[in-house]
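As you go down the protein sequences, you meet chains L and V in turn.
Going letter by letter, the first sequence gives residues 24 to 274 in the working numbering.
Going letter by letter, the second sequence gives residues 13 to 315 in the working numbering.
Glycine included, each C-beta is placed from N, C-alpha and C at the ideal position.
Computed from a predicted model, the values in this text were never measured in an experiment.
Here is the structure we will look at.
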Amino acid sequence: MIGFRTLFYKEVLRFWKVATQTISAPILTAMLYLLIFGHVLEDHVQVYPEVRYTAFLVPGLVMMSVLQNAFANSSSSLIQSKITGNLVFVLLPPLSHWNLFGAYVLASVLRGLAVGAGVFIITAWFAKLSFVAPWWIAVFALLGAAILGTMGLIAGIWAEKFDQLAAFQNFLIMPATFLSGVFYSIHSLPPFWQGVSRFNPFFYMIDGFRYGFFGQSDVNPLTSFSIVAVFFVLLASLAIRLLKSGYKLRH
Amino acid sequence: MAALQIVDIEKRYKSLQALGGVTLSIQQGEFFGLLGPNGAGKTTLISIIAGLSRADAGSVAIEGYDVVRDYREARRRLGVVPQELVFDPFFTVRETLRMQSGYFGLKHNDKWIDEVMANLDLTGKADTNTRALSGGMKRRLLVAQALVHKPPVIVLDEPTAGVDVELRQTLWKFISRLNREGHTIVLTTHYLEEAQALCNRIAMLKTGKVVALDSTSALIKRISGSQLVLRLARGELPDALKPLVSHPDELVAGRKYTLRVNEYTDVEPILATLRQAGATIEDMQLQQADLEDVFIQIMEGEK
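Written out as structure tokens, the structure is:
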């Protein structure tokens, strides 16, 4: 237990020591999205009745920040440790695969939520929000962060170079988040793309999260929750298997 | 029970056979040397002991605990100083050592951390970020990290490569003390005089196989006697002495000859033969065989 706690602490300290880059910068980015998209689309787009576009956008941006930063945390920590070689400090001690999984993912969740909270606090000034179901907000934020933290862990284990990790991020994570309904409701899409969106697990995370605010969503939140939970269990078992086998970590 | 039991370890990297059946049993309290040229498989073997690599066949146990099956118990008993100069640039020396203690499940370890830092002359750098350390200081930190949990078995993979005399002395003083206190030490090094001075027993590895395994003194005795190095000012080496020349090239080059002698009493007849042949000696040295000679002989003999 001390081993796990120490690794968790180290992972938190790692991003906290460079908080300008790991927390402040993504908050600023999200604010720019809100200002620009909100300004341009405020009077043209109405997704739900009685919800202004800027208000619709806020939960999407918060969730997008949570997801992207949870992913960035575990993946960048692992790839840096692998490339500089200091991963041996974690591989030599008697830390189990559960310890490693728990510490990396939990630290990622914390970073994701810290950035998400920051984005929320700042963007909430620009929009009138409601909180219909706060529990759903918490559940989807936590699960979403855990999923992306786990994906970051898997990507960090798999990647051998920074460009491989960047490819994972740019060709998988970025499109999946942007096409998940952060900026729009999938009901505004042509039927074909609506169908495609339903295969994107990120869509359910953001849709369920938004339901917590407005009580309105494209999909029933329970359905979203089930899909997201199953997705997490699948990813987590994959990550734990990789850690246990020592895939690409213990040659 | 052996401190370190290595049985039939095999490891292959694609077409390269890195280790081809290595078996070693190292007892508690030994100062054991693992020698061999680059690429002999020393670091691969250490990686397998440390759990950083998985063997294709065979097993390694640390104080009876298998490094794969009982990896947590095994790793608690092992401290490894890796060969690469690695560090985590986010933290200071003290933070690094506290965290390393935590990974091994230790809380409130500051007393021992302070002692390790003092013994390795790191105390002055306790609050310095690892990024700002010199190469030698980074090496000290690596050694300290391997010792935070007072492991009964300590493995040092070329800890003195590119390190100044002062650190070497500090390091060996501390490691020898730990050895006297009962810690088992396994050392790889390219400095053979270091191995000769420190190790009680030595294994030599070549292309993944153990080619010699004996006590240091027995290994040195393998090279019978000493060598008499002669430089002649005038005259030729008499034919009677030519069979004693240990490097055939010298017969071609002339003037300088290295002759094998078993005992000191062999020297006088050689000098007499030279005198009779009318040769004059310009310079003469009697050299004792050392580990380096044994090393070269064994490595060449295994070609």
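Determine whether the Cβ of residue i lies closer than 8 Å to any Cβ atom of chain V.
| i | result |
| --- | --- |
| Val-111(L) | yes |
| Pro-157(L) | no |
| Pro-117(L) | yes |
| Arg-37(L) | yes |
| Gly-179(L) | no |
| Lys-105(L) | no |
| Lys-40(L) | yes |
| Gly-26(L) | yes |
| Leu-7(L) | Here chain L comprises residues numbered 24 to 274, so residue 7(L) is not present and cannot be evaluated. |
| Arg-75(L) | no |
Excluding five sequence neighbours on each side, which residues of the same chain lie with their C-beta closer than 7 Å to the C-beta of residue i?
| i | result |
| --- | --- |
| Leu-31(V) | Ile-21, Glu-22, Lys-23, Gly-53, Thr-56, Leu-57 and Gly-220 |
| Ile-229(L) | Gly-83, Met-86, Ser-203, Gly-204 and Val-205 |
| Gln-299(V) | Ser-238, Gln-239 and Val-241 |
| Ala-126(L) | Phe-27, Leu-30, Phe-31 and Glu-34 |
| Glu-312(V) | none |
| Phe-237(L) | Tyr-71, Val-74, Ser-153 and Val-155 |
Kindly indicate which residue of the options has the alpha-carbon position closest to the one of residue i.
| i | options | result |
| --- | --- | --- |
| Leu-145(V) | Gln-181(V), Arg-106(V) and Ala-158(V) | Arg-106(V) |
| Gly-61(L) | Leu-80(L), Ala-169(L), Leu-165(L) and Pro-157(L) | Leu-80(L) |
| Val-304(V) | Val-264(V), Ile-232(V) and Gly-290(V) | In the sequence as displayed, the identity of residue 304(V) is Glu instead of Val. Ranking the options by Cα distance to Glu-304(V), first place goes to Ile-232(V). |
| Ala-150(L) | Gly-269(L), Glu-65(L) and Arg-37(L) | Glu-65(L) |
| Thr-29(L) | Ser-240(L), Phe-112(L) and Ile-196(L) | Phe-112(L) |
| Val-306(V) | Ile-61(V), Leu-283(V) and Glu-205(V) | Glu-205(V) |
| Ala-95(L) | Ala-168(L), Ile-160(L) and His-120(L) | Ala-168(L) |
| Asp-169(V) | Leu-253(V), Ile-187(V) and Val-198(V) | Val-198(V) |
| Val-89(L) | Val-162(L), Tyr-76(L), Leu-36(L) and Ser-100(L) | Val-162(L) |
| Tyr-207(L) | Ser-220(L), Ser-97(L), Lys-271(L) and Ala-190(L) | Ser-220(L) |
| Arg-272(V) | Ala-265(V), Gln-297(V) and Val-264(V) | Gln-297(V) |
| Pro-171(V) | Leu-256(V), Phe-186(V) and Ala-252(V) | Phe-186(V) |
Beta-carbon of residue i versus every beta-carbon of chain L: anything under 8 Å?
| i | result |
| --- | --- |
| Lys-54(V) | no |
| Pro-94(V) | yes |
| Ala-30(V) | no |
| Met-149(V) | no |
| Ser-27(V) | no |
| Val-98(V) | yes |
| Gly-48(V) | no |
| Lys-137(V) | no |
| Gly-117(V) | yes |
| Ala-67(V) | no |
| Met-13(V) | no |
| Arg-88(V) | yes |
| Tyr-77(V) | no |
| Tyr-83(V) | yes |
| Leu-109(V) | no |
Give the DSSP bridge partners of residue i, in chain order.
| i | result |
| --- | --- |
| Glu-22(V) | Gly-32(V) and Ala-69(V) |
| Leu-199(V) | Gly-45(V) and Leu-168(V) |
| Lys-221(V) | Lys-218(V) |
| Asn-141(V) | Thr-104(V) |
| Ile-38(V) | Leu-16(V) |
| Arg-272(V) | Gln-239(V) |
| Asp-295(V) | Arg-243(V) |
| Tyr-77(V) | Ile-74(V) |
| Val-92(V) | Val-167(V) |
| Ser-227(V) | Arg-213(V) |
| Gln-300(V) | Ser-238(V) |
| Val-257(V) | Leu-271(V) |
By how many angstroms is the C-alpha of residue j removed from the C-alpha of residue i?
| i | j | result |
| --- | --- | --- |
| Gly-83(L) | Glu-96(V) | 45 Å |
| Gln-40(V) | Gly-117(V) | 24 Å |
| Lys-315(V) | Ala-67(V) | The predicted model places Lys-315(V) with a pLDDT of 48, which falls under 50 and marks its position as unreliable, so this point remains unresolved. |
| Lys-33(L) | Gln-187(L) | 25 Å |
| Val-242(L) | Ala-147(L) | 24 Å |
| Thr-200(L) | Asn-92(L) | 12 Å |
| Ile-308(V) | Leu-256(V) | 18 Å |
| Gly-174(V) | Gly-108(L) | 19 Å |
| Leu-253(V) | Ser-27(V) | 48 Å |
| Ile-293(V) | Arg-234(V) | 29 Å |
| Leu-210(V) | Arg-189(V) | 12 Å |
| Trp-184(V) | Val-251(L) | 56 Å |
By Cβ distance, which residues of its chain are closer than 6 Å to residue i, with the 5 residues on each side in sequence left out?
| i | result |
| --- | --- |
| Ala-69(V) | Glu-22 |
| Glu-29(V) | First, the residue type needs correcting, since residue 29(V) is Gln and not Glu in the sequence shown. Hits under 6 Å: Gly-220. |
| Ser-65(V) | Ser-59 |
| Lys-119(V) | none |
| His-120(L) | Ile-263, Leu-266 and Lys-267 |
| Val-92(V) | Ala-62, Ala-158 and Val-167 |
Give every residue of the same chain whose Cβ lies closer than 8 Å to the Cβ of residue i, excluding the five residues on either side of it in the sequence, and list them in chain order.
| i | result |
| --- | --- |
| Leu-134(V) | Val-105, Val-128, Met-149, Arg-152, Leu-153 and Ala-156 |
| Gly-51(V) | Thr-219 |
| Ala-15(V) | Ile-38, Gln-39, Gln-40, Gly-41, Glu-42, Ile-74, Glu-75, Pro-164, Val-165 and Thr-196 |
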